[in-house]
Each structure stands twice: as C-alpha cells, then as structure tokens.
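What follows is one structure encoded as structure tokens, with my remarks underneath.
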Amino acid sequence: MQFKEIVENLKQGQSGVVDFKIQNNPVILTAASLEKAEKNEISFLDNNSPINMRNLIKTSKASALLLPANDTYIVEIAKKISVDWIILKEPKIAFAETLDFLYPSEIKSEGIHQSAIIGENVKIGVGVSIGANTYIGDNTEIGDETFIHPGVVVYKNVSIGAKNLIHANSVIHSGSKIENECVINANAVIGGEGFGFVPTSNGWKKMPQVGIVILRNKVEVGSGSTIDRPSVGETIIGEDTKIDNLVQIGHGVSTGKGCAMAAQVGIAGGAQIGDSVILAGQVGIGNKVKIGDRVIASSKTGIVSDIETGKVVSGFPAIPNKLWLRCSANFKKLPEIAKTIRKLDRKNSR
Amino acid sequence: MQFKEIVENLKQGQSGVVDFKIQNNPVILTAASLEKAEKNEISFLDNNSPINMRNLIKTSKASALLLPANDTYIVEIAKKISVDWIILKEPKIAFAETLDFLYPSEIKSEGIHQSAIIGENVKIGVGVSIGANTYIGDNTEIGDETFIHPGVVVYKNVSIGAKNLIHANSVIHSGSKIENECVINANAVIGGEGFGFVPTSNGWKKMPQVGIVILRNKVEVGSGSTIDRPSVGETIIGEDTKIDNLVQIGHGVSTGKGCAMAAQVGIAGGAQIGDSVILAGQVGIGNKVKIGDRVIASSKTGIVSDIETGKVVSGFPAIPNKLWLRCSANFKKLPEIAKTIRKLDRKNSR
Amino acid sequence: MQFKEIVENLKQGQSGVVDFKIQNNPVILTAASLEKAEKNEISFLDNNSPINMRNLIKTSKASALLLPANDTYIVEIAKKISVDWIILKEPKIAFAETLDFLYPSEIKSEGIHQSAIIGENVKIGVGVSIGANTYIGDNTEIGDETFIHPGVVVYKNVSIGAKNLIHANSVIHSGSKIENECVINANAVIGGEGFGFVPTSNGWKKMPQVGIVILRNKVEVGSGSTIDRPSVGETIIGEDTKIDNLVQIGHGVSTGKGCAMAAQVGIAGGAQIGDSVILAGQVGIGNKVKIGDRVIASSKTGIVSDIETGKVVSGFPAIPNKLWLRCSANFKKLPEIAKTIRKLDRKNSR
Chain A
1 MQFKEIVENL KQGQSGVVDF KIQNNPVILT AASLEKAEKN EISFLDNNSP
51 INMRNLIKTS KASALLLPAN DTYIVEIAKK ISVDWIILKE PKIAFAETLD
101 FLYPSEIKSE GIHQSAIIGE NVKIGVGVSI GANTYIGDNT EIGDETFIHP
151 GVVVYKNVSI GAKNLIHANS VIHSGSKIEN ECVINANAVI GGEGFGFVPT
201 SNGWKKMPQV GIVILRNKVE VGSGSTIDRP SVGETIIGED TKIDNLVQIG
251 HGVSTGKGCA MAAQVGIAGG AQIGDSVILA GQVGIGNKVK IGDRVIASSK
301 TGIVSDIETG KVVSGFPAIP NKLWLRCSAN FKKLPEIAKT IRKLDRKNSR
Chain B
1001 MQFKEIVENL KQGQSGVVDF KIQNNPVILT AASLEKAEKN EISFLDNNSP
1051 INMRNLIKTS KASALLLPAN DTYIVEIAKK ISVDWIILKE PKIAFAETLD
1101 FLYPSEIKSE GIHQSAIIGE NVKIGVGVSI GANTYIGDNT EIGDETFIHP
1151 GVVVYKNVSI GAKNLIHANS VIHSGSKIEN ECVINANAVI GGEGFGFVPT
1201 SNGWKKMPQV GIVILRNKVE VGSGSTIDRP SVGETIIGED TKIDNLVQIG
1251 HGVSTGKGCA MAAQVGIAGG AQIGDSVILA GQVGIGNKVK IGDRVIASSK
1301 TGIVSDIETG KVVSGFPAIP NKLWLRCSAN FKKLPEIAKT IRKLDRKNSR
Chain C
2001 MQFKEIVENL KQGQSGVVDF KIQNNPVILT AASLEKAEKN EISFLDNNSP
2051 INMRNLIKTS KASALLLPAN DTYIVEIAKK ISVDWIILKE PKIAFAETLD
2101 FLYPSEIKSE GIHQSAIIGE NVKIGVGVSI GANTYIGDNT EIGDETFIHP
2151 GVVVYKNVSI GAKNLIHANS VIHSGSKIEN ECVINANAVI GGEGFGFVPT
2201 SNGWKKMPQV GIVILRNKVE VGSGSTIDRP SVGETIIGED TKIDNLVQIG
2251 HGVSTGKGCA MAAQVGIAGG AQIGDSVILA GQVGIGNKVK IGDRVIASSK
2301 TGIVSDIETG KVVSGFPAIP NKLWLRCSAN FKKLPEIAKT IRKLDRKNSR
C-alpha cells in the first residue's frame, strides 16, 4: 500500500488528520515500533511519550511516521526530516487504523467442519463457521457470521448472536447468552458454576447455581479467563467491556459499559462495577462491593469496600492513589522512622 | 411447586424449620434475590444480614420468604406482612435446598458418544456418560454414574471413581486418582507435572515428576484450576475440599478435609494444609509451609511461615488479622506520622 | 535397578560423586522423600537442609541415600548408618538423575491418530506423534520427534521444531514459532491476541495484534499459562526459560535465557526481562519495565519501574529485599509506633 493511500484512508477515520507530507510516497509493507522499523515500514509516536521515545523519530529507519499534533517539539523536527509523515490528534488510533488497512481481517466463513458435532434443534445463521471437533449442544442458537474455532464446547440452551469470534477450546455453559460482536479467546470458560457452598454440620452444602451469564455486545474475554454463573439471576458483562487473560469474574457480578480489566484481575461474587471502570493487573475486588463509574484501580489494588464514582485508588485495602503513593514512599523509610522514635522516646524518658 | 410442598420438603432437610405461615400457598416457579424477586418466586434473608438487606423484606415482591429465626426484628415484621414465609435456623441452607427441589439435578446417563475415543483396557462402570470427542487413555478406570462432558482428555492409567462430574475440555494426567462424587470444572488440569528445575552450570536440570495427584471424595475443582503432581509421592486434596477457579496447587501439597479456597489462590510446592482451612481470593502460600486446622486467611494474604491451628491471618507477610487491620489503618496515616516525627525531631535537636 | 548401577550411572552425570558405600547393594525400585521412603527406595538430603530434615537420615527407612559432601555432620553420621549411600557435591541433581534412570522417559512415537485433523500443506517430520482429535491448521510445520497429545489446536502458519512435547488441549495461534525441545503443558495458550484497546469517543478501538510469539529452545510453559502476541513485532521467551502454571505474559514481552517464573506471575505488555531472572509466585511486572540479568523477585512483588542487574527485590512497589524485610518488621509495629508518637507529641505540646 502506498503512503498516499494510508493518508486518504486515515482522513476517513477517527484519528484527526491535522497535516501530512507526501514526498517520497513510499510503499508501506508493514508497521513496527520506532526502534525496530525498517525501510517500507510505518511507525508512530504517541501523545505524551517520554523524551527518549520522542528523540527516536530522528533516527528511526521507518519510511513513514504518524506523529502527535499537540507536540510542538515533534512538529518542528518533522519539518526537517526526510521521511513522509502525518500529524494527527490521535496517532495511536491512526496506528490501529493503519494496521486495519495493512492487515484486513481475514474472517471469512469456513462453513461447518465435517468433524463438528451439532446437537438437536440447533439454529445456525448465515455465514457461520464451526471448527473441527467443536461440539454444539442441543437447543443452541448461533447468529449470522459467528466464527467458532476448533475444539470449542458449547453446552445446551446457549444463545450466541451474530459476528462473534470464539477461539479454540473455550467452553460455554448452558443458558449463557452471548450477544453480538464479542470475542472469546482460547480456553476461556463462560458460565461455569459459581463457587457457592454453605457450611453445615455435615460439611459443605452446595448452593445450586441455576443462574446464567450474559455478555453484552462487543465484550471481549481473554485467554483462560473464567466468568461464573450465579445461584439465581445473572452475571452480566456490559457492552464494550474488555477482559484480559486469566481474569476471574465471580457469580452474580455485573459490570457496566466500556470497562477494561487487565490480566489476573479477580472479582468476587456479587460485586457491581459501573461504566468505564479500569482495573489494572492482579487487582482484586471483594464480595458484593460496589464500584462507581470511571473508577481506576492501579495494579494489585485490593478493594474490599465501595468506591465512589471517578476515584483513582491503589493499595490494599484500597485508598486514594495519591495518598497511597505518599504512604508507600514512607513505608520504605519505616526503619528510619522507628529509629528516630526510639531516640526521641529515650531522650524523653530521661 | 406449591409453597406447602417446599415447607414439607424443608422439614426433611438440614435447615431447621422453626415456624411457617401457609396462607396464600403460592405456586413457586423459581427463586431470586430479595431485590429482584417477582410474584411466584421465593427469596431468603440470611442470618446477620446488614440492615439495608433486612429492610428489603418489607418491599420484596417475592411470594414467599425464608427468614432467620435468630432475628427478632425480622420475626416481628414477618407477622405483619402478607406473603407466606418459613422461619429457620439456617435460611441459606434452606435456600440451597429449595433450589434443589425447584431444579432437580439433570444428570442422567447419556452413554458413550460415538465420537469419544476409548483406549485399550479401559474399565467403564454402569451408567457412565462420556461426551463427544472425549479421549480416555489406556488402562483407565471410570466408576459408575460418572459423567464426563465433551472434549475432556484423560491420559493413561487414571483411576476415576463413581458419580464424578467432569466438565468440558478439562485434562487429567496419567496416574491421577479421582475418588467419588468429585466435580472437575471446565479446562481444569489435574496432575500436570510439578515445576521442578535444579540449577546447574549447563542451565536448568529438570526434576522428573513421577508422583501422582489424588482427589478424595467430594472434592470440587474450579474452572481453569491446576493441581500439579510431585516428583515423588502424592499431591492430595482432602475430602470435601472445594477449590474455586484459576487456583494453582503446587507439587506435593496436601490439604485436609473440608477446606475452601477462593479464586486465584496459589499454593506452592510441599505446603501442608490442615482441615477446614479457608483461603480467600488471591492468597499465596509459600513452599513447604504448614497451615493448621481451621486457619482463615483473608484475601491477598501471603503466608511464608507456618500458621497455628485456628488463627485468622491477613497481609503479607501474614500477621494476625486484628493486628493487620490496625496496622493498615496506620499505614494510611504514614505521611502524617512522618511529619509529626520530623517536627518532634527538629524541636528536639534545637 | 541395583544400587551399584545407580552409582555407576551417577559417575557419568553432573552431580559430582565424592564417595560412596556399596555394602548391601539393595535393589532400588523407586525414590521417595526421607520421611516417606521405605525399603528398596532411595532418598536424598539436599545441601543446606534445615536440622529437622538432616536428622531424618538417622531414622529414614530408605535403603540408599544421596548425601551432601559439604555437610560434615552428615558425612559423620553416614559412616555409622547401615544403609548404602553416595556422597555428592549436588545431591539434588543426583536425585533428579536417579529418577531419570528409574523412570526412563516413555516418549516414543505413537504416530498420527486417525481422528487427528491435519490441514493443507502441513509438513510433518519423522517420528512425530499427533494425538486424538488434535487439529493442525494449514501451512504448519512440525519437526522430528515432536509429540502432540490429544485435543490440541494448532492454528495456521505455525512453526514447531523438533522434540517438543505439547500437552492436551493447549492452543497455539497463527504465526507462532516454537523452536526445539520445548514443553507446553495442558491448556496453555501460545500467541493469543495482546490486550490492546485505545479509548475513543465511540468506545474502545481495538489495536490489531499482527505480531507473533517465539519460544526459543528448551522453553517450558505451565498448565493454563497464556503468552500473548503483540500488535507488531514479537513476544520472545528466551532459551531454557521455565514458566510455571497460570502465568500471564503480555504482548511484546521479551525474556532472556534461563529465567524461571513461578505460578501466577503476570508480566504486562512490553516488559523486557534479562537472563537468569527468577520471579516467585504471584509477582507482577508493569508495562515496558526493564529487568536486568539475575534479578530475583520474591513472591507477590510488584515491579513498576526498572530494576538493575543482580538486585533482589520484594514488596509493592518493589524495594531491595533486605530493606523490605526491615520495613515489614516495622509495619506490624505501626500501632505501637503511632501510640508512641501521640504520647511524645502530647508531651511536646504542653
């Protein structure tokens, strides 16, 4: 693809083209990071990059660059370098869109593999792919253009909408509802039974888990992640919520729209998460905790009580992020602090 | 099912019926939480619920309620409301039993699916189900009424007892012994090789892992959880121990009876866990640590040395829970503490 | 196997035989720990074992012992006990080698199972095993003597070298390169798409993930672990690096040679890990962090900024291990510290 075509394509996108220079109009074969890019490759510099990244644009071997409009230092350099460039409001979005142009999605129907096993009374839409050795249980529905890779197991009575992408060896339990345009990555488990046991004098009494899991439109679930169904009612993942790998979502959790949960997050049963909440890696959220909209929790945060809308929290138990940073800075001075106190106490006791 | 039938059934159970009112004798179709219950649904209030939950019984649309006998406030309200109710010693157990009545377990033998692949010299009991594309290795035994879902891989020389429920795409390695009435959830891995490597001048030397994993009766293993076999000897999960999703149990661990381990717990090699131990989410236990009976560790606790019977611990490294709560309360005052010390120290130095 | 044979075999190995006593020359049937060993079993005592372990050699029922040369106390006892023994520089390596003798690896080709599904243009080497219901995508290469267990899904365009061992139900995505002598354990996912989403006014814009994952020679990946591919470029796991269960490796991570990562470690996107780095259980490493060679992080450490070569770190945020130990010791005195300060402050204010 010629650089000129990328410029034209980006003008139609969401990245806000501000200016561009088409001088060499190189052929762009692929994309790479600034450090690794070679001739005929395009790269980008994100808004607010650190200085060592910004200086890389002087030495990068990329044949074309996507650059931030809000960075006057970079805009000045751009005028002097010989490679072609585009200056944009959102260079990272431009990079994502450019990858879409260079690598158009290859999802085209492969039909139903002859080794797939389809139960009774299954409704299959138009353009559906079902991979080798995949099992589809009775009374399940699969919407148009959904693509299911090999080795997937879908239990009975599952509702899967249109344009979903379900990767190999994932498992979807009975009663689950997957709306449209979701991605379920390999070895994820949707709708396994919630962990509910009541202590009795004869050991654990199992709480039956007869609820279901619902994934709204555009939800993505990472490899190996698990989303449990509740004893009654629903576990709901809101529209456009993105879940990374090895995340655990307990029974009866609900999340709002547009959340992002990084790898190894764990959310205990009944927690209620608002819209646009961001949870960094290894965060834990306790039973029935309520998290307001737009809350951000930094990595390894442990949240055991409700958090108000818009707060940024850290630590365990979670406290405001700025306070936590100051507390952590003092934590590493604790031996010194303790020493000073002993000294003062001794003097004082004399 | 009529409410009256539920009363009669609960009288036979473990929940301790103290009193009941059959006035409308509604048909009960399903169960729900107090907030979400509608007409023809039954709900419950647990012992020691918070006040906002307790007040819900005044407004709940449920047609019948299971209520705690030890709560005089609730018992008084019960006398005034128009819905039918049962007052019990253990309303949560009653709710679990009621779900059992409303949703009788559907596990009936489906036989051996024609696509299942059964190795040589496999002994299969009466009423066993083996799902589509499941693989059973040579010399394996499967006891009566065990139900194996599609896509499961059982290696050679595995012993599986009676009435086990093994979910889709889980993997059971050679030599494992699963006793009776266990549940292995989807994508769990039983008996993978322990993580044992010895440093040498030529890199890592692998410690062969020729031991086995044993799951005693009534063990449950969550989706995506992994239980490793040791180099020699056994990894043992004690009777009635319940393990949630994405839990890691290292090589040579042993647990006692009736433990519960919440999601994302990690137990390192050789740890010895007593009976009735409760580990909350994301707890970590170090190599060869010994944990006494009835120990409780709150979420994210890191245990690196032995814990005595009956202790409740928190934090990392683990300390008594009550002490940890006080320490954590002071942690967030550290900036203030440090400031006061600087002030005192300055004054003192004058 | 007779004890004498074990002595002869160990002389050829890496464990450094210093002395031995062949008196009874027992038949050795298997190996066990000192506590559990019985007649006709061999056991070992590691260098620098705690005293309670060392005293076990007086009472162990093992018929033969592998003992540490650097332990004069043990060497003295050895002279007095009746069992046969070998004294070595590295008894743990000797134990691993002895297990290799007693349990020679059973990996012999089983050929391609008739239920395996092989795509178009797949190149399969000599002595390859492909298990039941395994799926191999188009244009994939599989080198000599690689053993793939049942239920594995290999996408298109994957390169798998020689002598790899790939366990049941694992998934390898398109473009991945597995070199030689790697082990991929059950339900692991290699090359799933990285977690990359850019916020826009219309919700999350997905960053296409068109990079690949490379596993160098002798890499091992634990059960249920996930290694993501990046948007551009490679995620690389260096030679002889060993990864335990349920570990998450983000997009674009690179690790050096000979690292070891214990269970539930999480490494965020773009982190660069040096050679011989050791990460204990549940460690987290942040985005783009650089970790020098031979760094050791103790369990649950959270690393959010670069760590220099050779450092031993702990805590969150990570600080030098020795400092962290002192800080943690003071953390549990915080209530007392706070009390003393209040007292001093009161006196001071008078």
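Protein chains in written order, with the numbering used here: chain A, 1 to 350; chain B, 1001 to 1350; chain C, 2001 to 2350. Ideal Cβ positions, reconstructed from N, Cα and C, are used throughout, including at glycine.
Could you please give me the residues that DSSP links to residue i through a beta bridge?
i: Phe2147 of chain C; result: C:Ser2129, C:Leu2165
i: Tyr2135 of chain C; result: C:Ile2117, C:Val2153
i: Pro1320 of chain B; result: B:Val1313
i: Gly203 of chain A; result: A:Thr200
i: Phe1221 of chain B; result: The question names Phe, but residue 1221 of chain B is Val in the sequence shown. Note: Val1221 of chain B sits in a beta bridge opposite B:Ile1184, B:Ile1243.
i: Ala1297 of chain B; result: B:Leu1279, B:Val1313
Distance check for residue j and residue i, CA to CA, integer angstroms please.
i: Gly351 of chain A; j: Gly286 of chain A; result: Outside the displayed span of chain A (1 to 350) sits residue 351 of chain A, for which this structure offers no information.
i: Lys378 of chain A; j: Ile249 of chain A; result: Shown here, chain A extends from 1 to 350; a query on residue 378 of chain A therefore has no answer.
i: Asp2293 of chain C; j: Lys36 of chain A; result: 22 Å
i: Tyr135 of chain A; j: Ile267 of chain A; result: 29 Å
i: Ile148 of chain A; j: Thr1059 of chain B; result: 45 Å
i: Asn1143 of chain B; j: Lys1163 of chain B; result: It should be pointed out that residue 1143 of chain B corresponds to Gly in this sequence rather than to Asn. Near 7 Å, if we compare the C-alpha coordinates of Lys1163 of chain B and Gly1143 of chain B.
i: Ser105 of chain A; j: Thr72 of chain A; result: 35 Å
i: Ser305 of chain A; j: Trp324 of chain A; result: 16 Å
i: Lys2242 of chain C; j: Asn2047 of chain C; result: 23 Å
i: Glu2005 of chain C; j: Lys2039 of chain C; result: 17 Å
i: Ala31 of chain A; j: Asp240 of chain A; result: 26 Å
i: Asn2321 of chain C; j: Gln14 of chain A; result: 47 Å
i: Glu141 of chain A; j: Val128 of chain A; result: 11 Å
i: Ser2170 of chain C; j: Ala329 of chain A; result: 43 Å
Helix, strand or coil for residue i? Go by DSSP, reduced to three states.
i: Pro335 of chain A; result: helix
i: Thr255 of chain A; result: strand
i: Ile81 of chain A; result: coil
i: Ala96 of chain A; result: helix
i: Ser60 of chain A; result: coil
i: Pro2091 of chain C; result: helix
i: Val7 of chain A; result: helix
i: Ile2124 of chain C; result: strand
i: Phe1351 of chain B; result: Chain B is shown from 1001 up to 1350; residue 1351 of chain B falls before or after that span and cannot be answered.
i: Arg2346 of chain C; result: helix
i: Val2075 of chain C; result: helix
i: Ala2263 of chain C; result: coil
Mind checking whether the beta-carbon of residue i lies closer than 8 Å to any heavy atom of the ligand GTP?
i: Gly252 of chain A; result: Of ligands this structure carries none, so the ligand GTP is not represented either.
Among the residues of its own chain, which have a CB less than 8 Å from the CB of residue i, if the five just before and after it don't count?
i: Leu1067 of chain B; result: Phe1044, Leu1045, Ile1057, Ile1074, Val1075, Ala1078, Trp1085, Ile1086, Ile1087, Leu1088, Pro1091
i: Asn2121 of chain C; result: Asp2138, Asn2139
i: Leu1246 of chain B; result: Gly1222, Ser1223, Gly1224, Ser1225, Ala1263, Gln1264
i: Lys2257 of chain C; result: Arg2216, Gly2238, Glu2239, Asp2240, Thr2241, Asp2275, Ser2276
i: Phe2197 of chain C; result: Trp2204, Lys2205, Lys2206, Met2207
CB-CB under 7 Å to residue i, same chain, minus the five flanking residues each way: which ones, in chain order?
i: Val83 of chain A; result: Ala62, Ser63, Ala64, Leu65
i: Phe2003 of chain C; result: Ile2022, Asn2025, Pro2026, Ile2028, Ala2064, Asp2084
i: Ala2338 of chain C; result: none
i: Gly2233 of chain C; result: Gly2211, Gly2252
In chain order, what residues of the same chain lie with their CB nearer than 6 Å to the CB of residue i, ignoring the 5 residues before and after it?
i: Cys182 of chain A; result: Asn164, Leu215, Val219
i: Ile166 of chain A; result: Ile148, Val152, Ile184
i: Phe20 of chain A; result: Val7, Ile86
Name the chain F residues whose beta carbon is nearer than 7 Å to that of residue i?
i: Gly1274 of chain B; result: Here the protein chains are A, B and C, and chain F is not one of them.
Take every Cβ of the segment 2226-2244 of chain C, pair it with every Cβ of the segment 2177-2197 of chain C, and state whether three or more of those distances are shorter than 8 Å.
-> Yes, the segment 2226-2244 of chain C touches the segment 2177-2197 of chain C.
Is the segment 1205-1219 of chain B touching the segment 2205-2213 of chain C, taking contact as three or more C-beta pairs under 8 Å?
-> no
Any chance the segment 100-120 of chain A sits against the segment 2093-2106 of chain C, with 3 or more Cβ pairs inside 8 Å?
-> no
Any contact of the segment 2296-2312 of chain C with the segment 2271-2287 of chain C, i.e. 3+ C-beta pairs under 8 Å?
-> yes
Evaluate the contact criterion for the segment 165-182 of chain A versus the segment 146-156 of chain A: three or more CB pairs, one atom per stretch, below 8 Å.
-> yes
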